[in-house]
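**Q** Read left to right, the sequence shown gives residues 95 to 308 (our numbering). Don't be surprised by glycine CBs; every beta carbon is placed ideally from N, CA and C. Please read through the structure below; I'll follow up with questions.
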Amino acid sequence: MAKRFSIAAARERCLRKQFLWAGLKSTTTDLGDGTIIHCWVPKNPTESKPNLLLIHGYGANSLWQFNNIVRPVARHFNLYVPDLNFFGWSWTTRPERTESFQAQCFARLMDGQGVRRMHVVGLSYGGFVGYSLAAQYKEKVDRLVLCCSGVTVEETDVEAGLLHVKSVDEFVNILLPQTAARAKDLIRYTFYKPIKGIPTFIFKDLVKVILPKT
């Protein structure tokens, strides 16, 4: 039986080329505790450039969230773009799922790359991880930029109806969709003007190919 063509997989192959054209290469780092972190790193780091760690959010891996900016940003920074655990090619057998653990993994990743100081940009959930990284490793982080990250949001805010969801569980089910219907909800919530009329089979493909299974 012939293998079914995947639009998401084909698009991801194109995104990988964009990262390669930006002067980055794909690497994996074994942290030695059952954790493997995938990261795009500069092929030829320049000592005169500052180091910049880009941390993506929920929804998809780093390829999908930073593809439009890696080339211009890489002209000015030594760019490091990892995948969070369970996104892309990063994973762990450890039970931890907190932003604190993700931050610890990235600190060890950067140590392995020989990076002692860096700027950090976190997008959405990546902002939570970046905030935790800066709090735990003040000596490593020069500047921190949080993009669309509600780091002050608490569970009581959800219960009080300040968000469009009724519970934290519903929030998680939308951010980590396991069905096409939930993937549609994610698009509806995250885009100001979401594209309409996208066929359901595309959402099914996205869930199967790029969304994490935790």
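If you draw a straight line from the C-alpha of Glu248 to the C-alpha of Ala254, how long is it?
**A** On the sequence shown, position 154 is the one that residue 248 refers to. On the sequence shown, position 160 is the one that residue 254 refers to. When rounded, the distance between both Cα atoms is 10 Å.
**Q** Quick one: what does DSSP say Leu178 is sitting in, helix, strand or coil?
**A** By one-based count along the sequence shown, residue 178 stands at place 84. In the three-state scheme derived from DSSP, where H, G and I count as helix and E and B as strand, Leu178 is classed as coil.
**Q** Compare the Cα-Cα distances from Pro144 to each of Thr246, Asp236 and Thr122 and report the closest residue.
**A** Walking along the sequence shown from the start, residue 144 turns up at place 50. Nearest C-alpha to Pro144: Asp236.
**Q** Please classify Ala96 as buried or exposed, where buried requires at least 16 neighbouring CB atoms within 10 angstroms.
**A** One-based indexing of the sequence shown puts residue 96 at position 2. For Ala96, the pLDDT reaches just 49, beneath the cut-off of 50, and the residue's location in the model is therefore unreliable, although a value from the coordinates is still provided. Ala96 counts as exposed, since fewer than 16 other beta carbons sit within 10 angstroms of its beta carbon.
**Q** Starting from the Cα of His170, find the closest Cα among Lys119, Leu147 and Ser100 and give me that residue.
**A** Reading the sequence shown from its first residue, position 76 is the one you call residue 170. Considering only alpha carbons, the answer is Leu147.
**Q** Rounded to a whole number of angstroms, what is the C-alpha to C-alpha distance between Phe297 and Lys278?
**A** Counting from one through the sequence shown, the residue named residue 297 turns up at place 203. Counting from one through the sequence shown, the residue named residue 278 turns up at place 184. For Phe297 and Lys278, the distance between alpha carbons rounds to 7 Å.
**Q** Does Trp134 pass the burial test, meaning 16 or more other C-beta atoms within 10 Å, or should it be called exposed?
**A** Taking the first residue of the sequence shown as position 1, residue 134 is located at position 40. Counting of Cβ neighbours within 10 angstroms places Trp134 among the buried residues, the total reaching 16 or more.
**Q** Classify Val175 as buried or exposed, calling it buried when 16 or more other Cβ atoms lie within 10 Å of its own Cβ.
**A** Locating residue 175 in the sequence shown gives position 81, counting from the first residue. Val175 is buried by the Cβ-count criterion.
**Q** Expressed to the nearest angstrom, what Euclidean distance is found between the alpha-carbon atoms of Val301 and Arg276?
**A** The count along the sequence shown starts at 1 and reaches residue 301 at position 207. The count along the sequence shown starts at 1 and reaches residue 276 at position 182. Rounded to the nearest angstrom, the two C-alpha atoms are 9 Å apart.
**Q** Go ahead and pull the three-state DSSP assignment for Ala96.
**A** The residue labelled residue 96 in the question sits at position 2 within the sequence shown. Here Ala96 scores only 49 on pLDDT, less than 50, and its place in the model should not be relied on; the value that follows carries that caveat. Residue state, collapsed to three classes: coil.
**Q** Which residues in the same chain have their Cβ closer than 6 Å to the Cβ of Thr121, if we skip the five residues on either side of it in sequence?
**A** Here residue 121 refers to the residue found at position 27 of the sequence shown. Cβ neighbours of Thr121 beyond the five flanking positions: Cys133 and Val135.
**Q** Going by DSSP in three states, Val215 sits in which element: helix, strand or coil?
**A** Position 121 of the sequence shown, counted from the start, is the residue given in the question as residue 215. Three-state result, Val215: strand.
**Q** By DSSP, does Pro136 sit in helix, in strand, or in coil?
**A** As a first step, residue 136 must be located in the sequence shown, where it is residue number 42. Correct three-state label for Pro136: strand.
**Q** When we look at the beta-carbon of Glu233 and count the other beta-carbons within 10 Å, is it buried (16 or more) or exposed?
**A** The residue given as residue 233 occupies position 139 in the sequence shown. The residue in question, Glu233, is exposed, as its Cβ has fewer than 16 Cβ neighbours within 10 Å.
**Q** Provide the residue span of the beta strand (DSSP E) that contains Ile149, from first to last.
**A** On the sequence shown, residue 149 is found 55 positions in, with the first residue counted as 1. Note, Ile149: beta strand (DSSP E), Asn145 to Ile149.
**Q** Alpha carbon to alpha carbon, how far is Tyr225 from Arg211?
**A** Taking the sequence shown and counting its residues from 1, the one referred to as residue 225 is at position 131. Taking the sequence shown and counting its residues from 1, the one referred to as residue 211 is at position 117. Spanning the two alpha carbons is a distance of roughly 15 Å.
**Q** For Tyr219, is the classification buried or exposed, using 16 other Cβ atoms within 10 angstroms of its Cβ as the cut-off for buried?
**A** Position 125 of the sequence shown, counting from 1, holds the residue named residue 219. Classification of Tyr219: buried, given that the 10 Å Cβ count is 16 or more.
**Q** So what does DSSP say about Trp115, is it helix, strand or coil?
**A** Position 21 of the sequence shown holds residue 115. It is helical.
**Q** If you compare alpha carbons, which of Val252, Leu238, Gln230 and Arg202 is closest to Thr123?
**A** Walking along the sequence shown from the start, residue 123 turns up at place 29. When each option's Cα is compared against that of Thr123, the closest is Arg202.
**Q** According to DSSP, is Thr294 part of a helix, a strand, or is it coil?
**A** For this step, residue 294 is matched to residue 200 along the sequence shown. Residue state for Thr294 is assigned as helix, using DSSP reduced to three classes.
**Q** What residue range does the beta strand (DSSP E) around Cys241 cover?
**A** Stepping through the sequence shown from its first residue, residue 241 is reached at position 147. Looking at the DSSP string, the run of the beta strand (DSSP E) that includes Cys241 is Val235 to Cys241.
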